[in-house]
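These notes are about the structure you will find just below.
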Amino acid sequence: MNFKVIYGTETGNAEMVADDIVEALSDDCSIESSDMSKLSVSDITADTFYFVICSTYGDGELPHSAQPFFQSLEQYKPDLAGVRFAIFGLGDSFYATYNKGSEIMAQAFADLGAVQVGERGLHDASTGALPGDAALPWAKQVLAQL
2 MNFKVIYGTE TGNAEMVADD IVEALSDDCS IESSDMSKLS VSDITADTFY FVICSTYGDG
62 ELPHSAQPFF QSLEQYKPDL AGVRFAIFGL GDSFYATYNK GSEIMAQAFA DLGAVQVGER
122 GLHDASTGAL PGDAALPWAK QVLAQL
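In this text, residue positions in the sequence shown follow this note's numbering: the first is 2, and each later residue adds one.
Put into C-alpha cells, the structure is as follows:
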C-alpha cells in the first residue's frame with residue numbers, strides 16, 4: 002500500500018506537520034507529502050492511503066492552498082469509493098470555528114465515498130503545544146489500525 006500525506010495550509014504549520022509525519026513514519030512505510038494546491042482530484046486513488054492535514058483559516062474556512070482542491074472535489078465529484086483516509090486538523094479553540102477546516106475536508110471525502118480511518122486528530126493552538134506533538138502519536142495510531 003502507498004501512503005501520502007496531503008496538506009492544506011495558510012501559514013505553513015500544516016506543511017510542517019506533514020513533514021514531521023513523513024519523517025516519523027518513513028522507517029515503517031513508503032510515504033511522501035504533497036500540498037493540496039498541487040493535487041488534482043484524479044490523483045486520489047484507492048491504492049493509496051491518505052493522511053489529510055488541514056488547518057482552519059479566517060471564519061472557519063479552508064486555507065487558501067486547500068481551496069482549489071476542495072472546489073475540484075465539489076465540481077467534479079469523483080467516485081472515492083475504496084479510498085481510505087485519516088484526517089488531522091489544526092486550529093485554535095479560542096474561536097467558535099475551531100478545526101472547521103478539517104471537518105469540511107473530511108466531510109467532502111466521505112460524501113464522495115471515501116472511508117475515514119480512526120478519529121479526527123486535532124491540534125489546539127491555545128494549549129501552546131506544538132502541532133507535531135499531537136500529530137505524531139495520532140499518525141502512528143492510525144497506521145497501527147491499517
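The C-beta atom is built at its ideal place from N, Cα and C for all residues, glycine as well.
Can you tell me whether residue i is helix, strand or coil according to DSSP?
| i | result |
| --- | --- |
| T49 | strand |
| Y77 | helix |
| S60 | Here residue 60 turns out to be Asp, not Ser, going by the sequence shown. If DSSP states are grouped into helix, strand and coil, D60 belongs with coil. |
| N3 | strand |
Counting C-beta neighbours from all protein chains within 10 Å, is the total for residue i 16 or more, i.e. buried, or is it exposed?
| i | result |
| --- | --- |
| C55 | buried |
| A115 | buried |
| E104 | buried |
| N3 | exposed |
| K101 | buried |
| Y77 | exposed |
| A19 | buried |
Would you please state the rounded distance, in angstroms, between the beta carbons of residue i and residue j? I believe it to be under 8 Å.
| i | j | result |
| --- | --- | --- |
| R121 | A107 | 6 Å |
| L74 | A109 | 5 Å |
| V53 | I7 | 6 Å |
| L91 | N14 | 6 Å |
| G61 | T12 | Rounded, the Cβ-Cβ distance is 16 Å, inconsistent with contact. |
Who are the Cβ neighbours of residue i in its own chain at under 6 Å, not counting the five residues just before and after it?
| i | result |
| --- | --- |
| S66 | G9, T10, D36, M37 and S38 |
| Q142 | none |
| S127 | D93, S94 and F95 |
| D125 | S94 |
Of all the options the options, which has the alpha carbon lying nearest to the alpha carbon of residue i?
| i | options | result |
| --- | --- | --- |
| L137 | M2, T12, G13 and S27 | S27 |
| F71 | S34, D125 and L40 | L40 |
| S34 | D44, V23 and V42 | V23 |
| I32 | T49, V42, V18 and D134 | T49 |
| A144 | H124, I88 and L63 | Sequence check: residue 144 is Leu here, not Ala. Of the listed residues, the one whose Cα sits closest to L144 is I88. |
| G119 | A25, Y51 and T12 | Y51 |
| R85 | A25, Q117 and W139 | Q117 |
Between residue i and the rest of its own chain, which residues show a CB-CB distance below 7 Å, the 5 nearest in sequence each way excluded?
| i | result |
| --- | --- |
| L81 | I45, F110, L113, G114 and A115 |
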